[in-house]
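What follows is a single structure, written as structure tokens, with notes after it.
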Amino acid sequence: MQYPTVREARFYEKIGGNKTVCLTCERRCKIEEGSQGFCGTRVNIGGKLYTIVYGDISSISANPIEKKPFFHFHPGTLALTVGTLSCNFACPWCQNYEISKVRPDPKRANYISPEEFLDIALRNDCDGTSISFNEPTLLLEYSLDLFPIAKNQGLYNTYVSNGYMTVQALEALAKAGLDAIKFDVKGDEEVYEKYCGGVKAEIVWRNAHRARELSLHVEIVNLVIPGVNDDDECLRQLIEKHLKELGPDVPIHFTRYHPEYKFNAPPTPVKTLEKARELARSLGVLFPYIGNVPGHRYENTWCPQCGELLIKRFGFIVVSNVVTVDNTCPKCGFKIPLIR
């Protein structure tokens with residue numbers, strides 16, 4: 178295929194004949210010649226594995242970093258955000274189904290080179306990059322080329338991910354210049370198995386833990402869905418896993434679900450989100466947030482020691498930030514984990 182979005186995949190193995198194993202994500206799809214993996218973005222051509230979405234950009238916009246959401250990473254800045262097509266999960270409530278449920282086609286691709294991406298980011302006064310909208314790991318090869326040149330221009334690099342990449346892929350991203358990653362944790366093992374296409378929650382937590390070891394900034398998001406993952410047992414299990422794998426200072430966002438795609442449960446009651454946040458705080462999480470509820474007091478950052486309002490937000494906008502230059506509470510001196 179002579180298309181700019183078709184490039185040899187970075188991580189795969191040949192396993193006999195012309196069959197390949199994709200090592201981009203933990204599905205580890207075994208792909209026969211002429212076939213695609215689960216996500217449809219990796220194709221076996223002549224016994225070699227290719228990505229067909231290198232730089233195939235379905236969506237692009239300059240967004241506040243808070244929209245990811247990252248609340249403790251360069252607050253108040255802009256990230257040029259892009260996504261491609263398809264996904265390696267099968268969530269029936271997907272909020273971005275218009276692109277995540279579409280299979281890519283190199284003949285119709287919207288190609289933007291890493292250099293063009295960087296030029297757009299700088300022209301729009303962006304402070305960083307973000308691969309988002311659908312699963313960013315599908316743009317792995319593109320990210321590995323983009324991140325070093327973005328870093329050379331003083332930009333930060335972020336991922337908004339379901340966290341199902343291989344450790345090999347995660348370590349390559351960190352080496353290339355990934356600075357921060359948001360992991361979208363769906364719920365317990367039953368939720369992943371039943372709703373996300375037979376995947377494993379343990380893989381996501383493993384990668385979140387490894388990301389911390391690689392000195393990446395990590396934040397966790399849990400989309401709280403009525404009847405799926407909003408019961409006390411599921412929430413408690415998730416919070417306890419968060420504390421075990423990441424510790425008390427990693428932010429966790431409990432965000433409000435709205436009916437999308439194939440899922441028709443009613444929007445998450447705000448009281449359910451408040452219950453989840455209160456449980457997280459009572460178990461020891463220092464920075465639990467409520468998301469998708471603009472104006473709620475717990476989209477703000479509060480000092481966990483003295484209760485001082487530190488960063489006031491409305492939706493994705495930072496209204497005020499009184500954290501000191503050495504990242505402490507101005508009232509009691511508590512150290513705030515914040516990257517600027």
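178 is the number of the first residue of the sequence shown in our numbering; add one for each residue after it.
Don't be surprised by glycine CBs; every beta carbon is placed ideally from N, CA and C.
Residue i, DSSP secondary structure in three states
i: S416; result: It is worth fixing the name first, because residue 416 is Ile in this sequence and not Ser. I416: helix per DSSP, three-state reduction.
i: I326; result: helix
i: L350; result: helix
i: Q345; result: helix
i: I234; result: coil
i: K225; result: strand
i: K207; result: strand
i: Y369; result: helix
i: F440; result: strand
i: W479; result: strand
i: F294; result: helix
i: R542; result: The shown model of the chain, from 178 to 517, leaves out residue 542, and the question about it has no answer.
Proximal residues to residue i (C-beta, below 8 Å), its chain only, five neighbours per side dropped
i: L393; result: A351, L355, D356, A357 and I358
i: S212; result: V220 and N221
i: V447; result: R433, I467, V470 and H473
i: T197; result: Y189, E190, K191, K207, I208, N221, G224, K225 and L226
i: P443; result: P403 and P436
i: E292; result: I326
i: L255; result: A239, N240, P241, I242, N301, D302, C303, D304 and G305
i: F215; result: R204, C206, N265 and G374
i: F360; result: S338, N339, G340, V381, N384, A385, A388, V395, E396, I397 and V398
Minimum Cβ-Cβ distance from residue i to chain C less than 8 Å
i: P428; result: Of the chains in the structure shown, none is chain C; there is only one protein chain.
Same chain, Cβ closer than 6 Å to residue i, neighbours up to 5 away in sequence not counted
i: A298; result: L257
i: N504; result: I513 and L515
i: T262; result: It should be pointed out that residue 262 corresponds to Leu in this sequence rather than to Thr. Same-chain partners within the cutoff: S235, I276, V279 and P281.
i: C506; result: C480 and E485
i: K406; result: Reading off the sequence shown, one finds Asn at residue 406, where the question assumed Lys. Around N406: G364 and V368.
i: K489; result: N477, V496 and S497
i: K328; result: G354
i: C411; result: G364 and D365
Residue j beta carbon less than 8 Å from that of residue i
i: L463; j: Y434; result: no
i: G364; j: F266; result: no
i: V337; j: S309; result: yes
i: P283; j: T218; result: no
i: S290; j: G232; result: yes
i: A346; j: T314; result: yes
i: A239; j: C199; result: no
i: V376; j: I397; result: no
i: E366; j: R184; result: no
i: Q482; j: F440; result: no
i: Y475; j: Y274; result: no
i: M342; j: T449; result: no
i: P465; j: I429; result: yes
i: S307; j: K371; result: no
Residues that DSSP places opposite residue i in a beta bridge
i: A239; result: L257
i: R184; result: T228
i: F431; result: N399 and I467
i: D361; result: V398
i: F310; result: According to DSSP, which records beta bridges pairwise, F310 is partnered with nothing at all.
i: F250; result: I516
i: R219; result: T228
i: Y333; result: G305
i: E190; result: V198
Contact test: residue i Cβ vs the ligand GDP heavy atom, cutoff 7 Å
i: E367; result: In the structure shown, the ligand GDP is absent, as is every other ligand, since no ligand is present at all.
Neighbourhood of residue i by C-beta distance below 7 Å, restricted to the same chain and skipping five residues each side
i: F491; result: P471 and G472
i: A286; result: Y180, T182 and D233
i: R389; result: V395 and L423
i: L486; result: N477 and W479
i: H251; result: I242, D304, G305, Y333, I516 and R517
i: Q272; result: E437
Cβ contact (3+ pairs, closer than 8 Å) linking the region 374-386 and the region 415-423: In the pairwise beta carbon analysis, the region 374-386 is classified as touching the region 415-423: at least three pairs are separated by under 8 Å.
Any 3 or more C-beta pairs closer than 8 Å across the region 204-211 and the region 447-457: The region 204-211, when compared against the region 447-457, does not touch it at the 8 Å Cβ threshold.
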